[in-house]
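Just so it is clear: in the sequence shown, position 171 is 168 by this note's numbering, and no numbers are missing. Idealized CB from N, CA, C, for every residue including glycine. As the structure is a computational prediction, the values presented were derived from the model and not from experiment. Structure, as structure tokens:
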Amino acid sequence: MHRTVLGDEQGPALEYDRSDRRGGATADVAEITPGRTAQEAAAVACAQLPGWRITTADPSLSDALVAAGAEFRRRALIMQCRLAEGASREPDLRPFEARPLPSTTSDPALWAPILPSWRAAFPPGHPDHLDVDEAGALAFFAPLIDGTEMGPLHRSTCVVADPDGRVGAGIVVNVRSRDARAGGPWISDIWRDPGLRGTGIGARLIERTQHQLTADGFTTLTLAVTRGNDAERSYSAAGFTLLMDSRILVIPGEAG
């Protein structure tokens, strides 16, 4: 993939992959151009990318951006698993039943049975807690559902309901085409109501996703987990290994 390169009168200083997510431009996998300093790359970024989000695996660039006025938002571990050929039988979710996620966020009634489990999975104090109302929750899901943020949905996307019809967990899988290093299928969101702890439903959702992706010819599955989230151990047990330790920041100013 073609990388965007920014520079100044001294030459190139910063390179990145551009993406547009949640209505804003993002400089993904940002790196310092060889021969330039972190401070020079940060100065170029702040001068030429006001209002952008920037992700980088380079701690020195992250520190220089903060020193230049950027706001640190999140440290995320990018983890990836290789999908084995000849996958075994699709795991049995019983007594739970997989159901499709609503294909639109325009009707809040469709999401009323789903959002309680999603909120319960990320309570206040959780590294991934979002303090949002119903409209904010739907705004979170909208670009994942319509494919504008992470690419089209894969068929493994679903929620699971218990025998009484209560939704207790879900997974959103998108197929990301940009950035060959971490492209392909992504688990964009996965959650499980704490009341289902010990049922293994989260692990089975991942196994089901891995099985269906393998059947569809994909070779990798990637996700991002916030540093400090206990789920990191569960992902390691499911075969995910660290691909990138990414810092996410927002550059000050108004985007052009």
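Sort out for me which residues DSSP pairs residue i with in a bridge.
{"i": "residue 8", "result": "5"}
{"i": "residue 24", "result": "15, 51"}
{"i": "residue 242", "result": "74"}
{"i": "residue 29", "result": "11"}
{"i": "residue 79", "result": "217"}
Helix, strand or coil for residue i per DSSP?
{"i": "residue 63", "result": "helix"}
{"i": "residue 259", "result": "An answer regarding residue 259 cannot be provided, because it is not within the stretch -2 to 253 covered by the chain."}
{"i": "residue 247", "result": "strand"}
{"i": "residue 223", "result": "strand"}
{"i": "residue 94", "result": "strand"}
{"i": "residue 68", "result": "strand"}
{"i": "residue 133", "result": "helix"}
{"i": "residue 210", "result": "helix"}
{"i": "residue 38", "result": "helix"}
{"i": "residue 127", "result": "coil"}
{"i": "residue 100", "result": "coil"}
{"i": "residue 87", "result": "coil"}
{"i": "residue 277", "result": "This structure cannot speak to residue 277, because the chain is shown only from -2 to 253."}
{"i": "residue 138", "result": "helix"}
{"i": "residue 56", "result": "helix"}
{"i": "residue 105", "result": "helix"}
{"i": "residue 0", "result": "coil"}
{"i": "residue 235", "result": "coil"}
Work out the CA separation of residue j and residue i for me, nearest whole Å.
{"i": "residue 106", "j": "residue 35", "result": "49 angstroms"}
{"i": "residue 255", "j": "residue 77", "result": "Residue 255 lies beyond the residue range present for the chain, which begins at -2 and ends at 253; the question has no answer from this structure."}
{"i": "residue 117", "j": "residue 206", "result": "23 angstroms"}
{"i": "residue 246", "j": "residue 44", "result": "15 angstroms"}
{"i": "residue 147", "j": "residue 17", "result": "9 angstroms"}
{"i": "residue 243", "j": "residue 1", "result": "19 angstroms"}
{"i": "residue 190", "j": "residue 112", "result": "10 angstroms"}
{"i": "residue 193", "j": "residue 25", "result": "35 angstroms"}
{"i": "residue 49", "j": "residue 92", "result": "45 angstroms"}
{"i": "residue 145", "j": "residue 139", "result": "9 angstroms"}
{"i": "residue 31", "j": "residue -1", "result": "17 angstroms"}
{"i": "residue 8", "j": "residue 61", "result": "19 angstroms"}
{"i": "residue 5", "j": "residue 23", "result": "20 angstroms"}
{"i": "residue 154", "j": "residue 33", "result": "43 angstroms"}
{"i": "residue 151", "j": "residue 21", "result": "24 angstroms"}
{"i": "residue 149", "j": "residue 121", "result": "30 angstroms"}
{"i": "residue 47", "j": "residue 163", "result": "45 angstroms"}
{"i": "residue 63", "j": "residue 52", "result": "12 angstroms"}
{"i": "residue 108", "j": "residue 10", "result": "45 angstroms"}
{"i": "residue 188", "j": "residue 211", "result": "22 angstroms"}
{"i": "residue 133", "j": "residue 226", "result": "22 angstroms"}
{"i": "residue 39", "j": "residue 58", "result": "7 angstroms"}
{"i": "residue 184", "j": "residue 214", "result": "17 angstroms"}
Less than 9 angstroms separating the beta-carbons of residue i and residue j?
{"i": "residue 200", "j": "residue 73", "result": "no"}
{"i": "residue 114", "j": "residue 167", "result": "yes"}
{"i": "residue 37", "j": "residue 12", "result": "no"}
{"i": "residue 100", "j": "residue 142", "result": "yes"}
{"i": "residue 124", "j": "residue 224", "result": "yes"}
{"i": "residue 239", "j": "residue 219", "result": "no"}
{"i": "residue 131", "j": "residue 249", "result": "no"}
{"i": "residue 95", "j": "residue 169", "result": "no"}
{"i": "residue 79", "j": "residue 208", "result": "no"}
{"i": "residue 158", "j": "residue 88", "result": "no"}
{"i": "residue 3", "j": "residue 42", "result": "yes"}
{"i": "residue 165", "j": "residue 203", "result": "no"}
Return no unless some Cβ of chain D is closer than 9 angstroms to the Cβ of residue i.
{"i": "residue 32", "result": "Given the protein chain composition of this structure (a single chain), no chain D is represented."}
Could you name each continuous beta strand (DSSP E) segment of 3 residues or more that falls completely within the stretch 142 to 198, going from the start of the chain to the end? 155 to 158, 164 to 173, 181 to 189
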